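Asker:
2 protein chains.
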Amino acid sequence: MKIGFIGLGIMGRPMAGHVIRGGHALHIYSRGTPPQELVEAGAVVCGSPREVAERSDAVITMVPDTPDVEAVVFGPDGIAEGLGHGKILIDMSSISPMATKKFARMLAERGCEWIDAPVSGGDVGARNATLSIMAGSTPAAFERVKPVLELMGRNITLVGSAGDGQTAKVANQIIVALTLEAVAEALVFASKAGADPMRVRRALMGGFASSRILEVHGERMIERNFEPGFRVELHQKDLNLALQSARELQMSLPNTAATQELFNASKAHGGGRLDHSAIVKTLELMAGHEIGGGAAKVSQT
Amino acid sequence: MKIGFIGLGIMGRPMAGHVIRGGHALHIYSRGTPPQELVEAGAVVCGSPREVAERSDAVITMVPDTPDVEAVVFGPDGIAEGLGHGKILIDMSSISPMATKKFARMLAERGCEWIDAPVSGGDVGARNATLSIMAGSTPAAFERVKPVLELMGRNITLVGSAGDGQTAKVANQIIVALTLEAVAEALVFASKAGADPMRVRRALMGGFASSRILEVHGERMIERNFEPGFRVELHQKDLNLALQSARELQMSLPNTAATQELFNASKAHGGGRLDHSAIVKTLELMAGHEIGGGAAKVSQT
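Same order as they appear, the protein sequences are chains D and R.
When the letters of the first sequence are read in order and numbered with full-length UniProt numbering, they come out as residues 1 to 301.
When the letters of the second sequence are read in order and numbered with full-length UniProt numbering, they come out as residues 1 to 301.
(1) Using a cut-off of 8 Å between C-beta atoms, extract the partners of R:LEU274 located in chain D.
(2) Can you pull the chain D neighbours of R:VAL176, defined as C-beta to C-beta under 7 Å?
(3) Exposed or buried, D:ARG110, counting other C-beta atoms within 10 Å across all chains shown (16 or more means buried)?
(4) Since D:PHE263 and D:VAL232 are thought to touch, with beta carbons under 8 Å apart, how far apart are those beta carbons, to the nearest angstrom?
(5) So, D:ARG127 versus D:GLY82, is the Cβ gap smaller than 8 Å?
(6) Judging by CA-CA distance, which residue of R:ALA265, R:GLY207 and R:GLY22 is the nearest neighbour of D:GLY125?
(7) How close, in whole Å, do the beta carbons of D:LEU149 and D:ALA117 come, if the pair is a contact with beta carbons under 8 Å?
(8) Taking only beta-carbon positions, decide if R:MET106 is within less than 8 Å of chain D.
(9) Return the Cβ separation of R:ILE136 and R:GLN166 in integer angstroms, given the expectation that the two are a contact with Cβ distance under 8 Å.
(10) Using the DSSP secondary-structure output, state which residues sit across from R:ALA135 in a beta bridge.
(11) Less than 8 Å between the beta carbons of R:LEU38 and R:ALA16, yes or no?
(12) Which residues, in chain order, does the region 179-203 of chain R contribute to contact with chain D at a C-beta distance below 8 Å?
(13) I'd like to know if R:ILE213 contacts chain D, where contact means its C-beta is closer than 8 Å to some C-beta of that chain.
(14) Which residue wins for smallest C-alpha separation from D:GLU70, given the options D:ASP123, D:LEU158 and D:PHE103?
(15) Measuring CA to CA, which of R:SER245, R:LYS192 and R:LYS281 is closest to R:PHE226?
(16) With DSSP as the reference, label D:LEU178 as helix, strand or coil.
(17) Does any residue of chain D bring its CB to less than 8 Å from the CB of R:MET15?
(18) Hey, how far is the Cα of D:GLY22 from the Cα of R:ASP196?
(19) Where does the unbroken beta strand (DSSP E) through R:PHE5 begin, and where does it stop?
(20) Start and end of the alpha helix (DSSP H) containing D:ILE95?
(21) Please classify R:ILE20: is it buried, with 16 or more other beta-carbons within 10 angstroms of its beta-carbon, or exposed?
(22) Quick one: list the residues of chain R neighbouring D:ALA246, beta-carbon separation under 8 Å, in chain order.
(23) Using C-beta distances below 8 Å, list every residue in its chain close to D:LEU187, excluding the 5 sequence neighbours before and after it, in chain order.
(24) Determine the extent of the alpha helix (DSSP H) in which R:ALA257 is found, giving its start and end residues.
(25) Any beta carbon from chain D within less than 8 Å of R:GLN250's own beta carbon?
(26) Nearest-angstrom Cα distance between R:PHE142 and R:THR157?
(27) In whole angstroms, what is the alpha-carbon distance linking R:THR301 and D:ALA140?
(28) Mind listing the chain R neighbours of D:GLY288? Cutoff is C-beta to C-beta under 8 Å, in chain order.
(29) Cβ atoms of D:ASP123 and D:ILE10: under 8 Å apart, would you say?
(30) I need the straight-line Cα distance from D:PHE74 to D:LEU107, nearest angstrom please.
(31) Would you mind reading off the limits of the alpha helix (DSSP H) that contains R:GLU40?
(32) Would a check of beta-carbon distances place R:ASN225 closer than 8 Å to chain D?
(33) Is D:PRO34 close to chain R? Criterion is C-beta to C-beta, closer than 8 Å.
(34) Let me check understanding here. Comparing Cα to Cα, which of R:GLY84, R:CYS112 and R:ASP68 lies closest to R:SER96?
(35) Assuming D:MET98 and D:SER277 make a contact with CB atoms under 8 Å, what is their CB distance in whole Å?
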């Protein structure tokens, strides 16, 4: 298949590498210097997103936010201008579900398909081709591109129609953030009450409190290992998307809002680039107590 | 071993049954009529908690709240008056960790040991002898009573010294409540955004959002199965204990406080006796949208 790829950042670059090594012709566009390793592997550098679309059967976008997707697809010299009938746009960015549905309708008017396929698993998952991919699409389009997605991830689910992949991603980020916060409240409580947080964590692992977050990030919090992982400032961006979307949908996400405030406080104290499990530091500051003993300190990183 | 048991309610009654069927002599005290099946099985009915303590090597208490434990142990004709040197008090109620530490010191002055051994698993776990038990005690006392605890549960952990079992229980209830709330926010969001919540739940199960709560209670929320399980009003009581304890410890549990308010709202709308997964109904009211479709309604049960 002839694949286009736009958005060759920390995530997109290794993902594009998997696609070309998977035997697909790759067309790329980059505002800066195109990544050396992709060019050496045979990627064709194009002069605009439009040209990428003209020369590809399917174009993958992996850019930071909703306005970036809108610009690269529907802006001047954008993908939409070059995307002929029957071609597919695969947006792997994490953006607004509602905007995605609008974009999909706009592409459908040109006879093209939109697949939203946001990922989780971070840059490690991108490098190791172990991303989880939550897709929204028609079943037919999904089947056509599935072999390409399988080069980049391994837990690939068609959640529903266009937009539903982004909805699932938002739901994922809500649950992960709020579970992190829950584990942090519980462990700071346990530690300040004088118990050994590691033994409390272990006692809770068998029952209804058990989760991947308690297992992995609970341990991080106790061992003070805040190397990312997934950064506080990226989770902030995702919760912002959740809260914006909730406002559009006219609904309330009370604990998501409160947790966003705790991430904001985490960033205020220099934690933006730490792993998101560092939300525990904000609760420690509020408790005047750090897990494992000392008084909580503001940590500059 | 000669075991005393005080607090023969919905939990205590089946638990006492397991103890006597396990071959231990059982001494009970009850303000009302003593349970027929225990008397038939050979339990000795005593005239006061003091008498129960006099005739037992270890006394188990399973009563609703901190003041109830204080009254039955340290009140007139209470357990402490009958508990001679070397005897053990096993408090399986869910009460304040800080009060527990004080009670343990008071018993220690009389040469007696305090073991806090709160449980999770509800009345189903009590009946089936599958409770999880989080104990705080000296290792020696724990080893002495462990065979008795094993008659009532199967996931039995010595978390630390006296009070630490209660601390672990509070931590457990914080995590369970906040994870329930997280799953509820995510599924109401997904449903109102137009996705199928069951498919979203399934897509999320493999990744960092996965938890026992997403698995079991996420399904309950989608299938509208709010038969308890564990009741909203009992979880309210436990979060109240968490918030009181946090105030005593001088620390902040922001999302526990917010979630308690959502349980309060759930009770206000007639949900107090529903399973705690019914917290989703409060979020549905706030969203004007019920998972699966309709506008959210106030449900009287």
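Built from N, CA and C at the ideal position, the CB exists for glycine as well.
Everything numeric in this text was worked out from a predicted model, so none of it was measured.
Answerer: With the structure as the only source:
(1) Proximity of chain D to R:LEU274 at the Cβ level (cut-off 8 Å) is not reached, the minimal Cβ distance being about 17 Å.
(2) Correct list: PHE208 and ALA209.
(3) By the neighbour-count criterion, in which 16 or more other beta carbons inside 10 Å mark a residue as buried, D:ARG110 falls on the exposed side.
(4) Rounded, the Cβ-Cβ distance is 6 Å, consistent with contact.
(5) Going by C-beta atoms, D:ARG127 is not nearer than 8 Å to D:GLY82.
(6) Of the candidates R:ALA265, R:GLY207 and R:GLY22, R:GLY207 places its Cα closest to the Cα of D:GLY125.
(7) Contact check for D:LEU149 and D:ALA117: beta-carbon distance about 6 Å, within the 8 Å limit, so the pair qualifies.
(8) No, no contact with chain D.
(9) Reading off the sequence, residue 136 of chain R comes out as Gly, not Ile. A Cβ-Cβ separation of about 7 Å places R:GLY136 in contact with R:GLN166 under the 8 Å criterion.
(10) DSSP output for R:ALA135 lists R:LEU158 as bridge partner(s).
(11) Yes, Cβ-Cβ distance for R:LEU38 and R:ALA16 is below 8 Å.
(12) The residues in question are THR179, GLU181, ALA182, VAL183, GLU185, ALA186, LEU187, VAL188, PHE189, ALA190, LYS192, ALA193, GLY194, ALA195, ASP196, ARG199, VAL200, ARG202 and ALA203.
(13) Yes, R:ILE213 counts as interfacial toward chain D.
(14) Comparing Cα positions, the closest option is D:PHE103.
(15) If we check each option's Cα against that of R:PHE226, R:LYS281 comes out closest.
(16) Three-state result, D:LEU178: helix.
(17) Chain D contact via Cβ: absent.
(18) Going from the Cα of D:GLY22 to the Cα of R:ASP196 covers about 33 Å.
(19) Counting along the chain, the beta strand (DSSP E) containing R:PHE5 begins and ends at 2-6.
(20) No alpha helix (DSSP H) holds D:ILE95; DSSP gives it neither H nor E.
(21) By the 10 Å Cβ count, R:ILE20 comes out buried.
(22) Ordered by position in chain R, the residues that pass the 8 Å Cβ test against D:ALA246 are PHE189.
(23) Hits under 8 Å: PRO197, VAL200, ARG201, GLY218, MET221, ILE222, VAL280 and ILE291.
(24) Counting along the chain, R:ALA257 sits inside the alpha helix (DSSP H) bounded by residues 254-268.
(25) Chain D contact via Cβ: present.
(26) About 10 Å.
(27) Any reading at R:THR301 is ruled out, since the residue's pLDDT is 42, under 50, leaving its predicted position unreliable.
(28) Under the 8 Å cutoff, chain R gives GLN250 and MET251.
(29) The Cβ atoms of D:ILE10 and D:ASP123 sit closer than 8 Å to each other.
(30) Each residue's alpha carbon lies about 9 Å from the other.
(31) For R:GLU40, the enclosing alpha helix (DSSP H) begins and ends at 36-40.
(32) Taking Cβ atoms only, chain D never reaches closer than 8 Å to R:ASN225, which makes this a no.
(33) So no, D:PRO34 is outside the interface.
(34) Checked all of R:GLY84, R:CYS112 and R:ASP68; the closest Cα to R:SER96 is R:ASP68.
(35) Cβ atoms of D:MET98 and D:SER277 stay farther apart than 8 Å, at about 30 Å.
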